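Residue numbers (my numbering): 9 to 219. Don't be surprised by glycine CBs; every beta carbon is placed ideally from N, CA and C. Since the model is a prediction, treat every value here as computed from it, not as a measurement. A short write-up of the structure that comes next.
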């Protein structure tokens with residue numbers, strides 16, 4: 009009988025993840041198998057999709073399709089599977105708005121690191137490009153952040169508030185730094201919400217170091 013508890017240690021997080029949707033089994037040459045998601049494999053590989061669409065695959069007890077992998081090593085699949093299960097496309101200005109809103113609405117913790125890195129880098133880049141006191145500094149309060157104003161109406165201030173609501177600590181810090189460095193005034197009737205406290209801390213720090 010084929011064993012799914014193969015030789016060698018498996019990362020506990022990966023092991024738990026593989027067991028979530030064991031609708032297929034990767035059958036290795038050493039007589040071991042790895043439970044995987046049939047649907048994920050079909051998305052990840054056209055070749056595996058064709059194999060899974062075949063009517064000639066054996067089925068394990070419970071109905072999971074057995075995918076023979078002649079010549080493949082189990083350790084290689086254990087290295088590859090985390091990339092398939094954790095695959096995360098780059099955040100872009102085309103996707104960041106929707107992702108941020110969903111992250112806030114559903115508290116999608118897995119999205120936060122990717123959003124935080126993207127927005128932090130954008131704020132840090134813009135901060136480095138705009139010298140303090142330059143003629144364009146004041147325009148930043150209503151200007152979009154991003155290459156070629158790709159985010160349209162999304163202002164520095166709105167990104168600060170959304171980053172705070174989304175619990176993106178590095179991004180909040182970067183936007184606060186940008187705002188304080190450029191001396192931007194809070195727009196009239198603008199609700200800072202959760203961003204008010206970190207911005208106040210940043211302003212207080214600047215004042216304390218100015219004297």
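**Prompt:** Any chance the stretch 96-111 sits against the stretch 56-70, with 3 or more Cβ pairs inside 8 Å?
**Reply:** no
**Asked** In three-state DSSP terms, what is residue 61?
**Response** Taking the first residue of the chain shown as position 1, residue 61 is located at position 53. Residue 61 falls in the coil class under three-state DSSP.
**Item:** Nearest-angstrom Cα separation, counted from residue 24 out to residue 39
**Value:** Counted from its first residue, the chain shown places residue 39 at position 31. Counted from its first residue, the chain shown places residue 24 at position 16. CA-CA distance, residue 39 to residue 24, rounds to 21 Å.
**Item:** For residue 47 and residue 31, believed in contact at Cβ under 8 Å, the rounded distance
**Value:** Taking the chain shown and counting its residues from 1, one reaches residue 31 at position 23. Taking the chain shown and counting its residues from 1, one reaches residue 47 at position 39. Yes, residue 31 and residue 47 are in contact; Cβ-Cβ is about 7 Å, under 8 Å.
**Asked** Would a C-beta distance cut-off of 8 Å place residue 176 and residue 123 closer than the cut-off?
**Response** If you number the chain shown from 1, residue 176 lands on position 168. If you number the chain shown from 1, residue 123 lands on position 115. For residue 176 and residue 123, yes; Cβs fall inside 8 Å.
**Request:** Below 8 Å CB to CB, which residues in the same chain sit around residue 201 once its five sequence neighbours on both sides are set aside?
**Result:** Here the question's residue 201 lines up with position 193 in the chain shown. Excluding residues up to 5 positions away in sequence, 169, 172, 173 lie with their Cβ nearer than 8 Å to the Cβ of residue 201 in the same chain.
**Asked** Are residue 167 and residue 127 close, meaning C-beta to C-beta below 8 Å?
**Response** Counting from 1 along the chain shown, the entry for residue 167 is found at position 159. Counting from 1 along the chain shown, the entry for residue 127 is found at position 119. Result yes, Cβ atoms of residue 167 and residue 127 sit closer than 8 Å.
**Asked** Which partner residues of residue 67 appear in the DSSP bridge assignment?
**Response** Counting from one through the chain shown, the residue named residue 67 turns up at place 59. Answer is 73, bridged to residue 67.
**Request:** Closer than 8 Å by C-beta to residue 199: which residues in its own chain qualify, once you throw out the five before and the five after it? Chain order, please.
**Result:** As a working note, residue 199 is residue 191 in the chain shown. Closer than 8 Å at the Cβ level, and outside the excluded window around residue 199, lie 169.
**Asked** Counting along the chain, where does the beta strand (DSSP E) carrying residue 32 start and finish?
**Response** Numbered from its first residue, the chain shown carries residue 32 at position 24. Note, residue 32: beta strand (DSSP E), 32-35.
**Prompt:** Is the Cβ-Cβ distance between residue 186 and residue 135 less than 8 Å?
**Reply:** Taking the first residue of the chain shown as 1, we reach residue 186 at position 178. Taking the first residue of the chain shown as 1, we reach residue 135 at position 127. Against a cut-off of 8 Å, the Cβ pair of residue 135 and residue 186 comes out as a contact.
**Message:** By the DSSP assignment, the beta strand (DSSP E) with residue 42 in it spans what residues?
**Reply:** Translated into the one-based positions of the chain shown, residue 42 becomes position 34. DSSP places residue 42 inside the beta strand (DSSP E), whose first and last residues are 41-44.
**Prompt:** Is residue 49 near residue 56, with beta carbons less than 8 Å apart?
**Reply:** Along the chain shown, one-based indexing puts residue 49 at 41. Along the chain shown, one-based indexing puts residue 56 at 48. It is a contact, given that the beta carbons lie within the stated cut-off.
**Asked** Mapping DSSP to helix, strand and coil, what is residue 78?
**Response** Start at 1 with the first residue of the chain shown, and residue 78 comes out as number 70. Three-state result, residue 78: coil.
**Message:** Can you list, in chain order, the residues of its chain with a C-beta nearer than 6 Å to that of residue 182? Leave out the 5 residues immediately preceding and following it.
**Reply:** Sequence index remark: in the chain shown, residue 182 carries index 174 (1-based). The answer, listed in chain order, is 128, 131, 132.
**Prompt:** Roughly how many angstroms lie between the CA atoms of residue 37 and residue 84, to the nearest whole one?
**Reply:** Along the chain shown, read from residue 1 onward, the residue named residue 37 stands at position 29. Along the chain shown, read from residue 1 onward, the residue named residue 84 stands at position 76. Taking the straight line from one Cα to the other gives about 12 Å.
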